[in-house]
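Heads up, the thing below is written out as C-alpha coordinates.
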Amino acid sequence: MSSPRISPRSRRCWRTGRAPRCSRRCWTSSPLAAGELARAAGVGPSTASAHLARLLDGGLVTVLSQGRHRYYELRDAEAAQLVETLSRMSPPVRVRSLRQSGEARRLHRARTCYDHLAGQAGVALFAALLDGGLLEPDADGYTTTDKGDGQLAALGLDVAAVRRSRRRFAWRCLDWTERRPHLNGALAAALTGRMIDLGWFERAPRPAP
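Numbered per this note's numbering, the sequence shown spans residues 105 to 313.
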(Lines of atoms letter the chains of each structure in order from A and count residues from 1; the text may use other names and numbers.)
(Lines give C-alpha, C1' and ligand atoms only; values in the text may rest on other atoms or scores of the structure.)
Protein backbone atom coordinates (compact mmCIF):
# COMPACT_ATOMS: atom_id res chain seq x y z
CA MET A 1 0.00 0.00 0.00
CA SER A 2 1.41 3.38 -0.95
CA SER A 3 1.91 5.96 1.79
CA PRO A 4 -0.45 8.95 1.79
CA ARG A 5 0.73 12.07 0.06
CA ILE A 6 0.71 15.02 2.42
CA SER A 7 1.17 18.55 1.16
CA PRO A 8 4.09 20.64 2.44
CA ARG A 9 1.59 22.97 4.13
CA SER A 10 0.05 20.10 6.10
CA ARG A 11 3.48 18.74 7.04
CA ARG A 12 4.38 22.13 8.48
CA CYS A 13 1.36 21.92 10.77
CA TRP A 14 1.93 18.35 11.86
CA ARG A 15 5.64 18.79 12.53
CA THR A 16 4.85 21.33 15.20
CA GLY A 17 3.26 18.60 17.32
CA ARG A 18 1.10 20.91 19.39
CA ALA A 19 0.25 23.28 16.57
CA PRO A 20 -3.27 21.94 15.93
CA ARG A 21 -3.93 21.94 19.66
CA CYS A 22 -2.68 25.48 20.08
CA SER A 23 -4.60 26.69 17.06
CA ARG A 24 -7.95 25.24 18.00
CA ARG A 25 -7.75 26.64 21.53
CA CYS A 26 -6.76 30.20 20.93
CA TRP A 27 -7.42 31.48 17.41
CA THR A 28 -10.18 34.05 17.15
CA SER A 29 -11.24 36.44 14.43
CA SER A 30 -9.12 39.17 16.06
CA PRO A 31 -5.34 39.47 15.69
CA LEU A 32 -3.38 38.40 18.78
CA ALA A 33 0.23 38.87 19.85
CA ALA A 34 2.51 35.85 20.19
CA GLY A 35 2.50 36.21 23.98
CA GLU A 36 -1.30 36.22 24.10
CA LEU A 37 -1.46 33.10 21.95
CA ALA A 38 1.16 31.38 24.12
CA ARG A 39 -0.80 32.06 27.31
CA ALA A 40 -4.08 30.97 25.75
CA ALA A 41 -2.51 27.72 24.50
CA GLY A 42 -0.57 27.01 27.70
CA VAL A 43 2.83 26.87 26.01
CA GLY A 44 6.03 28.83 26.43
CA PRO A 45 6.85 31.92 24.35
CA SER A 46 9.60 30.13 22.40
CA THR A 47 7.26 27.24 21.54
CA ALA A 48 4.54 29.62 20.38
CA SER A 49 7.03 31.60 18.30
CA ALA A 50 8.28 28.41 16.61
CA HIS A 51 4.72 27.33 15.80
CA LEU A 52 3.81 30.76 14.46
CA ALA A 53 6.91 30.87 12.27
CA ARG A 54 5.94 27.56 10.65
CA LEU A 55 2.31 28.54 10.22
CA LEU A 56 3.39 31.86 8.73
CA ASP A 57 5.79 30.06 6.39
CA GLY A 58 2.95 27.75 5.36
CA GLY A 59 0.71 30.69 4.51
CA LEU A 60 -1.89 29.81 7.16
CA VAL A 61 -1.52 32.97 9.22
CA THR A 62 -0.86 36.61 8.46
CA VAL A 63 0.97 39.11 10.63
CA LEU A 64 0.22 42.76 11.28
CA SER A 65 3.12 44.89 12.53
CA GLN A 66 2.45 47.97 14.64
CA GLY A 67 5.67 49.52 15.90
CA ARG A 68 7.54 46.86 17.84
CA HIS A 69 4.46 44.66 18.15
CA ARG A 70 3.37 41.86 15.81
CA TYR A 71 -0.17 40.49 15.78
CA TYR A 72 -1.16 37.19 14.18
CA GLU A 73 -4.44 35.92 12.76
CA LEU A 74 -5.61 33.08 10.55
CA ARG A 75 -5.34 33.94 6.86
CA ASP A 76 -8.98 33.26 5.96
CA ALA A 77 -11.88 30.86 6.39
CA GLU A 78 -10.06 28.19 4.35
CA ALA A 79 -7.15 28.24 6.79
CA ALA A 80 -9.59 28.02 9.70
CA GLN A 81 -11.20 24.99 8.07
CA LEU A 82 -7.79 23.30 7.79
CA VAL A 83 -7.06 23.98 11.46
CA GLU A 84 -10.46 22.57 12.42
CA THR A 85 -9.77 19.42 10.38
CA LEU A 86 -6.34 18.91 11.95
CA SER A 87 -7.88 19.45 15.38
CA ARG A 88 -10.25 16.53 14.86
CA MET A 89 -7.29 14.28 14.04
CA SER A 90 -4.94 15.40 16.81
CA PRO A 91 -4.90 13.84 20.31
CA PRO A 92 -7.22 15.36 22.92
CA VAL A 93 -5.72 17.99 25.19
CA ARG A 94 -4.91 16.79 28.73
CA VAL A 95 -6.44 19.12 31.29
CA ARG A 96 -3.83 19.88 33.96
CA SER A 97 -5.39 22.76 35.89
CA LEU A 98 -8.70 24.27 36.99
CA ARG A 99 -8.15 27.12 34.53
CA GLN A 100 -7.69 24.68 31.64
CA SER A 101 -10.81 22.80 32.77
CA GLY A 102 -12.83 26.02 32.62
CA GLU A 103 -11.41 26.90 29.21
CA ALA A 104 -12.27 23.44 27.90
CA ARG A 105 -15.88 23.76 29.07
CA ARG A 106 -16.20 27.16 27.41
CA LEU A 107 -14.74 25.81 24.16
CA HIS A 108 -17.30 23.01 24.19
CA ARG A 109 -20.21 25.34 24.90
CA ALA A 110 -19.53 28.07 22.36
CA ARG A 111 -16.60 29.46 20.41
CA THR A 112 -15.94 30.89 16.97
CA CYS A 113 -14.36 28.81 14.24
CA TYR A 114 -12.62 31.75 12.51
CA ASP A 115 -15.76 33.89 12.17
CA HIS A 116 -18.73 31.58 12.70
CA LEU A 117 -20.32 29.93 15.72
CA ALA A 118 -19.02 26.51 16.76
CA GLY A 119 -19.17 24.16 19.74
CA GLN A 120 -22.46 23.01 21.27
CA ALA A 121 -24.10 26.33 20.39
CA GLY A 122 -22.99 26.14 16.76
CA VAL A 123 -24.16 22.55 16.36
CA ALA A 124 -27.52 23.38 17.98
CA LEU A 125 -27.96 26.42 15.73
CA PHE A 126 -27.37 24.40 12.57
CA ALA A 127 -29.78 21.68 13.69
CA ALA A 128 -32.43 24.28 14.58
CA LEU A 129 -32.14 25.99 11.18
CA LEU A 130 -32.65 22.65 9.42
CA ASP A 131 -35.34 21.26 11.72
CA GLY A 132 -37.23 24.56 11.67
CA GLY A 133 -37.34 24.64 7.89
CA LEU A 134 -35.23 27.78 7.63
CA LEU A 135 -32.41 26.07 5.76
CA GLU A 136 -32.40 23.26 3.21
CA PRO A 137 -29.81 21.44 1.08
CA ASP A 138 -29.19 22.56 -2.49
CA ALA A 139 -26.63 21.91 -5.23
CA ASP A 140 -24.11 24.33 -3.70
CA GLY A 141 -24.50 23.20 -0.11
CA TYR A 142 -27.40 24.82 1.73
CA THR A 143 -29.77 27.67 1.02
CA THR A 144 -32.39 29.53 2.99
CA THR A 145 -36.07 28.82 2.42
CA ASP A 146 -38.72 31.52 2.07
CA LYS A 147 -39.48 30.99 5.75
CA GLY A 148 -35.80 31.33 6.54
CA ASP A 149 -35.45 34.53 4.52
CA GLY A 150 -38.35 36.04 6.44
CA GLN A 151 -37.15 35.07 9.89
CA LEU A 152 -33.57 36.11 9.23
CA ALA A 153 -34.79 39.45 7.87
CA ALA A 154 -36.81 39.92 11.06
CA LEU A 155 -33.57 39.31 12.94
CA GLY A 156 -32.00 42.17 11.00
CA LEU A 157 -29.97 40.08 8.57
CA ASP A 158 -29.74 41.16 4.91
CA VAL A 159 -29.75 37.71 3.28
CA ALA A 160 -29.60 39.16 -0.25
CA ALA A 161 -26.39 41.00 0.62
CA VAL A 162 -24.93 37.84 2.13
CA ARG A 163 -25.68 35.97 -1.10
CA ARG A 164 -23.65 38.51 -3.07
CA SER A 165 -20.53 37.61 -1.12
CA ARG A 166 -17.79 35.85 -3.07
CA ARG A 167 -17.66 33.32 -0.27
CA ARG A 168 -19.72 30.13 -0.34
CA PHE A 169 -23.17 30.98 0.98
CA ALA A 170 -23.74 28.09 3.39
CA TRP A 171 -22.08 24.77 4.06
CA ARG A 172 -21.18 22.62 7.05
CA CYS A 173 -18.04 21.45 8.79
CA LEU A 174 -17.62 18.75 11.41
CA ASP A 175 -17.16 20.35 14.82
CA TRP A 176 -13.97 19.07 16.48
CA THR A 177 -15.42 18.98 20.01
CA GLU A 178 -18.93 17.76 19.23
CA ARG A 179 -18.19 15.51 16.23
CA ARG A 180 -21.37 16.84 14.66
CA PRO A 181 -21.70 19.49 11.92
CA HIS A 182 -22.04 23.21 12.44
CA LEU A 183 -22.85 25.82 9.82
CA ASN A 184 -20.07 27.68 8.02
CA GLY A 185 -19.83 30.04 5.06
CA ALA A 186 -20.99 33.61 4.49
CA LEU A 187 -24.38 33.02 6.12
CA ALA A 188 -22.82 31.55 9.26
CA ALA A 189 -20.43 34.49 9.59
CA ALA A 190 -23.18 37.07 9.10
CA LEU A 191 -25.52 35.30 11.51
CA THR A 192 -22.82 34.98 14.16
CA GLY A 193 -21.98 38.67 13.86
CA ARG A 194 -25.63 39.60 14.16
CA MET A 195 -26.14 37.45 17.28
CA ILE A 196 -23.13 39.12 18.89
CA ASP A 197 -24.53 42.54 17.98
CA LEU A 198 -27.83 41.58 19.62
CA GLY A 199 -26.03 40.52 22.79
CA TRP A 200 -26.95 36.84 22.51
CA PHE A 201 -23.27 36.00 22.65
CA GLU A 202 -20.26 38.03 23.70
CA ARG A 203 -16.61 37.70 22.82
CA ALA A 204 -14.35 36.42 25.57
CA PRO A 205 -11.84 38.99 26.85
CA ARG A 206 -8.38 38.82 25.35
CA PRO A 207 -5.74 37.14 27.53
CA ALA A 208 -4.19 39.50 30.07
CA PRO A 209 -0.79 40.90 29.02
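Backbone N, C-alpha and C fix where the C-beta goes; we use that ideal spot for every residue, glycine too. From a predicted model like this one, the values you see are computed outputs, not experimental measurements.
To the nearest angstrom, how far is the alpha carbon of residue i from that of residue j?
i           : j           : result
residue 234 : residue 282 : 18 angstroms
residue 305 : residue 272 : 24 angstroms
residue 243 : residue 276 : 13 angstroms
residue 288 : residue 303 : 20 angstroms
residue 140 : residue 308 : 13 angstroms
residue 250 : residue 301 : 24 angstroms
Would residue i pass as a contact of residue j if the rule is Cβ separation under 9 angstroms?
i           : j           : result
residue 176 : residue 231 : no
residue 165 : residue 186 : no
residue 290 : residue 274 : yes
Nearest CA to the CA of residue i: which residue from the options?
i           : options               : result
residue 280 : 270, 221, 306 and 252 : 221
residue 135 : 264, 259, 229 and 156 : 156
I'd like the list of long-range same chain contacts for residue i, defined as Cβ closer than 6 angstroms, with 5 residues on each side in sequence excluded.
i           : result
residue 241 : none
residue 252 : 238 and 239
residue 264 : none
residue 266 : 290, 291 and 294
Can you tell me which of the three DSSP states residue i falls into?
i           : result
residue 168 : strand
residue 261 : coil
residue 276 : strand
residue 244 : coil
residue 285 : strand
Could you pull out every residue in the same chain whose Cβ sits closer than 8 angstroms to the Cβ of residue i, ignoring the five residues on either side in sequence?
i           : result
residue 227 : 279, 282, 284, 285 and 286
residue 170 : none
Whose C-beta lies closer than 7 angstroms to the C-beta of residue i among residues of the same chain, with five residues either side of it excluded?
i           : result
residue 218 : 133, 178, 181 and 184
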